[in-house]
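Contents: one structure, followed by commentary.
Number of protein chains: 4
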Amino acid sequence: MDKKEQIIEVATALFAEKGFENTSISEVCETAKVSKGLIFHHFKSKNGLLREIFSRTTDMIKKNNLNHNDGNAYDTISLLLNSFFDQLKRDKTFLQLNVSVISQPTTREIIKDLVKERADLIFRSTKKLFDEIDPINATAKSYMFISELDGIALNYLSIFNDYPLEEIKSLLIKKYLHQ
Amino acid sequence: MDKKEQIIEVATALFAEKGFENTSISEVCETAKVSKGLIFHHFKSKNGLLREIFSRTTDMIKKNNLNHNDGNAYDTISLLLNSFFDQLKRDKTFLQLNVSVISQPTTREIIKDLVKERADLIFRSTKKLFDEIDPINATAKSYMFISELDGIALNYLSIFNDYPLEEIKSLLIKKYLHQ
Amino acid sequence: MDKKEQIIEVATALFAEKGFENTSISEVCETAKVSKGLIFHHFKSKNGLLREIFSRTTDMIKKNNLNHNDGNAYDTISLLLNSFFDQLKRDKTFLQLNVSVISQPTTREIIKDLVKERADLIFRSTKKLFDEIDPINATAKSYMFISELDGIALNYLSIFNDYPLEEIKSLLIKKYLHQ
Amino acid sequence: MDKKEQIIEVATALFAEKGFENTSISEVCETAKVSKGLIFHHFKSKNGLLREIFSRTTDMIKKNNLNHNDGNAYDTISLLLNSFFDQLKRDKTFLQLNVSVISQPTTREIIKDLVKERADLIFRSTKKLFDEIDPINATAKSYMFISELDGIALNYLSIFNDYPLEEIKSLLIKKYLHQ
DNA sequence: GATGAATGAGTATTCATTCAT
DNA sequence: GATGAATGAATACTCATTCAT
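Here's what the structure looks like:
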């Protein structure tokens with residue numbers, strides 16, 4: 001019954017489904033069954049709501065994907081790849097929201113600093129893994145690894161209807177785990 | 001002096017810079033110095049204008065990137081990689097337009113069929129190359145190759161401010177040309 | 001000071017005077033001294049506003065014309081004819097609005113169901129009167145009675161400049177009350 | 001292949017179906033397969049086109065309904081009633097166009113003079129009939145007769161879905177021919 | 001915290017009309 | 001007679017935001 005959480009939940013779903021720019025505050029209100037005023041009371045502006053959602057997603061990424069500190073690098077990469085491909089199949093629209101918000105100039109501007117924060121976070125924890133495996137070229141390899149995952153997500157979610165996710169996963173596992 | 005071309009040129013620039021949804025027809029008119037009516041006379045709707053622009057970009061891709069039929073597969077990949085990284089540095093906002101239009105649900109819906117057409121085109125010509133090199137797993141490898149390029153573009157254009165493009169290029173060249 | 005009522009009042013007057021299709025929302029706003037948004041906040045669309053107005057008119061007809069349950073049929077018809085001809089002289093433009101809205105295909109479509117509801121209402125209460133007088137052919141006679149009144153309204157309001165309303169009224173009284 | 005006639009034919013059908021205000025010149029052009037310029041070449045304006053159509057309808061009424069000069073008054077009324085009810089069933093949308101154009105303030109203004117001309121014409125030829133039958137009250141009776149027919153048309157075309165046209169016709173025949 | 005009436009600038013789109021060819 | 005590119009004013013409608021309650 002926490003109305004603030006309810007707003008965030010509904011807004012996330014709607015932004016994901018229809019895009020940020022094409023979801024009106026009115027629609028969020030009707031779906032979440034709250035008044036217009038309340039949204040501005042809690043988030044100050046529509047942009048504020050987006051920022052809150054984006055921040056929370058970063059928090060979730062932290063919790064889910066970057067906490068595998070215990071095992072060695074190979075085990076961690078293995079876990080990471082598995083959770084990545086799992087989420088890809090599970091949270092399609094939600095991930096699409098992240099891509100679209102980041103790639104569109106206007107929305108990107110709104111969350112600029114949050115994007116940088118998240119990107120740094122992801123880069124650093126990836127770099128740690130590759131440093132452990134082989135310090136030579138670890139920076140470029142880390143960027144390459146992140147790019148590969150993002151590219152896979154983009155192609156799977158927005159471009160191809162028959163993207164062979166399983167085969168791609170095998171390819172990646174072979175590449176990073178069976179050298 | 002062809003006003004239709006002028007509209008397309010201006011609209012492409014504005015859509016790229018500010019995003020499709022955040023560019024108003026009025027703005028296109030003022031910049032292109034034509035009347036509002038003329039846009040609808042030529043393109044029927046704002047969506048129609050986007051479709052025309054997207055189509056033309058596909059045509060350009062055809063002409064520029066997929067015409068290297070003469071040499072062997074390795075030469076072609078080499079040319080392709082070079083032209084890809086060149087364009088990435090040159091046409092930043094323009095490529096960003098393509099990513100954002102494809103990844104946002106609303107705009108994606110408008111050009112759904114054109115995305116599929118372009119994706120098929122790119123996949124087929126990539127697959128031809130990989131088939132020539134090694135028919136085993138050529139399909140998955142093709143998808144992987146395309147995903148890598150798209151991921152690089154996405155990371156370079158929208159996520160990292162200090163993306164090491166040259167090192168990534170070297171990595172790719174090593175991977176695909178010096179096996 | 002109730003702005004919603006104010007909008008309805010102004011819109012009714014303007015629609016009557018210039019026709020629904022030729023009255024712009026802007027004009028209604030300026031005249032009623034409210035913002036554009038408020039009309040859509042209250043009525044959802046220009047069509048919604050028309051429907052509200054049409055509905056209210058039906059309510060008014062109910063109250064004014066169909067409440068003569070007490071006397072016998074002849075008394076009721078007498079009252080009804082008197083109030084009909086009175087209103088015809090008093091509310092010219094307002095009645096014209098009703099005729100024009102009903103007879104034009106586009107506006108008619110908007111209020112289709114409300115027209116049927118009103119027509120049924122008027123028919124049933126007319127039929128009750130004619131049934132009381134003489135059940136033979138009461139249905140056809142009721143339709144004829146209604147048609148006569150509507151035809152008189154149409155001719156008086158929109159066709160003839162010198163329509164002899166008083167003589168017509170005498171003719172009707174003679175026909176229906178002095179048989 | 002006379003393009004002017006083709007325009008008139010198409011415009012009449014479209015105006016009847018969708019109303020004058022809701023039919024755009026563009027639509028007339030596309031349907032009639034002529035250019036925009038040609039309509040303005042022939043009719044000077046959209047209003048001019050409406051006037052031409054209205055005029056021609058008056059001409060048609062003259063030819064069809066008012067030429068029964070030969071028989072006596074009763075025969076003429078009989079013919080007139082028959083042709084009226086026939087047309088009512090045949091040319092529904094076309095007659096609706098006439099009612100809607102006359103009853104809506106804006107369109108009425110455009111053809112004001114033509115409406116008067118037609119109304120006078122119809123009144124005079126009706127009056128001639130009633131004068132022949134009984135000069136007392138012939139004026140009011142003529143207006144009443146015209147009002148009855150118009151009211152029947154209005155109710156049949158725009159108000160009731162189950163208007164009993166045949167019974168109404170019988171009622172009228174009994175009233176005017178079997179006194 | 002919570003409501004919803006009210007605003008006003010902004011949006012895509014329509015449309016009668018003109019005019020050079 | 002005939003075309004269709006071009007105009008610009010007008011239209012219904014949207015929407016983030018404010019504010020009194």
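Residue numbers (UniProt numbering), protein chains in the order written: chain A, 1 to 179; chain B, 1 to 179; chain C, 1 to 179; chain D, 1 to 179. The beta carbon of each residue, even a glycine, is placed where N, CA and C say it ideally should be. In this text, all values refer to a predicted model and were calculated from it rather than measured experimentally.
Figure out for me which residue from the options has the closest Cα to the Cα of residue i.
i                      : options                                   : result
D/ALA119               : D/LEU81, D/PHE94, D/ASP150 and D/HIS41    : D/ASP150
residue 258 of chain D : D/ILE159, D/ASN161, D/SER158 and D/GLU148 : A question about residue 258 of chain D goes unanswered here, because the residues of chain D that appear run from 1 up to 179.
D/PHE123               : D/PHE160, D/TYR143 and D/LEU154           : D/TYR143
B/LYS116               : A/THR126, A/GLU166, A/ASP75 and A/ASP162  : A/ASP162
D/ALA13                : D/PHE43, D/THR57 and D/PHE40              : D/THR57
C/PHE130               : C/SER45, C/LYS36 and C/ILE77              : C/ILE77
B/PHE85                : B/ILE8, B/LEU177 and B/ILE152             : B/ILE152
A/ASN22                : A/ASP2, A/GLU9 and A/SER100               : A/SER100
B/ILE173               : B/ALA11, B/LEU95, B/ILE111 and B/ASP75    : B/ASP75
A/ASP2                 : A/LYS33, A/LYS112, A/THR93 and A/ASN98    : A/LYS33
A/ARG51                : A/LEU79, A/PHE94, A/SER125 and A/ASP113   : A/ASP113
C/ILE53                : C/GLU30, C/LEU95 and C/LYS127             : C/LEU95
residue 201 of chain B : B/ASN98, B/PHE160 and B/LEU171            : With chain B covering only 1 through 179, there is no way to say anything about residue 201 of chain B.
D/THR93                : D/ILE7, D/LYS18, D/ILE8 and D/LYS175      : D/LYS18
D/GLU132               : D/THR31, D/ALA73 and D/ILE8               : D/ALA73
D/ASN155               : C/LYS46, C/PHE145, C/PHE160 and C/LYS44   : C/PHE145
A/GLU30                : A/MET60, A/PHE40, A/VAL10 and A/GLY48     : A/VAL10
Within 8 Å of any Cβ in chain C, is that where the Cβ of residue i sits?
i        : result
D/TYR143 : yes
D/ASN47  : no
D/ALA119 : yes
D/ALA138 : no
Contact criterion: CB-CB distance below 8 Å. Does residue i meet it with respect to chain B?
i        : result
A/LEU38  : no
A/PHE160 : yes
A/ASP134 : no
A/ILE53  : no
A/SER125 : no
A/ILE146 : yes
Go ahead and label residue i buried or exposed: buried means 16 or more other beta carbons lie within 10 angstroms of its beta carbon, across all protein chains shown.
i        : result
C/SER158 : buried
D/GLY71  : exposed
C/ARG103 : Reading off the sequence, residue 103 of chain C comes out as Ser, not Arg. Buried, because 16 or more other Cβ atoms sit within 10 Å of the Cβ of C/SER103.
D/GLU5   : exposed
B/LYS63  : exposed
D/SER108 : It is worth fixing the name first, because residue 108 of chain D is Arg in this sequence and not Ser. It is buried - the Cβ of D/ARG108 has at least 16 other Cβ atoms within 10 Å.
D/LEU88  : buried
A/PRO105 : buried
C/ASN82  : exposed
D/GLY37  : exposed
C/GLU166 : exposed
D/SER125 : buried
D/LYS141 : buried
A/ILE111 : buried
A/LEU177 : exposed
C/LYS175 : exposed
D/LYS44  : exposed
A/ILE136 : exposed
Less than 8 Å between CB atoms is the rule here; does residue i satisfy it with respect to chain D?
i        : result
C/ASP150 : yes
C/GLU167 : yes
C/TYR163 : yes
Are any of the Cβ atoms in chain A nearer than 8 Å to that of residue i?
i        : result
B/SER103 : yes
B/LEU154 : yes
B/LEU50  : no
B/LEU171 : yes
With 7 Å as the C-beta to C-beta threshold (strictly closer), list the residues of the stretch 55-88 of chain A near chain B in chain order. none
Members of the stretch 10-42 of chain D that neighbour chain C once the beta carbon cut-off is set at 7 Å: GLU17, LYS18, GLY19, GLU21 and ASN22
Any residues in the stretch 90-114 of chain A with a beta carbon nearer than 7 Å to a beta carbon of chain B? Which ones, in chain order? GLN96, VAL99, SER100, ILE102, SER103, GLN104, PRO105, THR106 and ARG108
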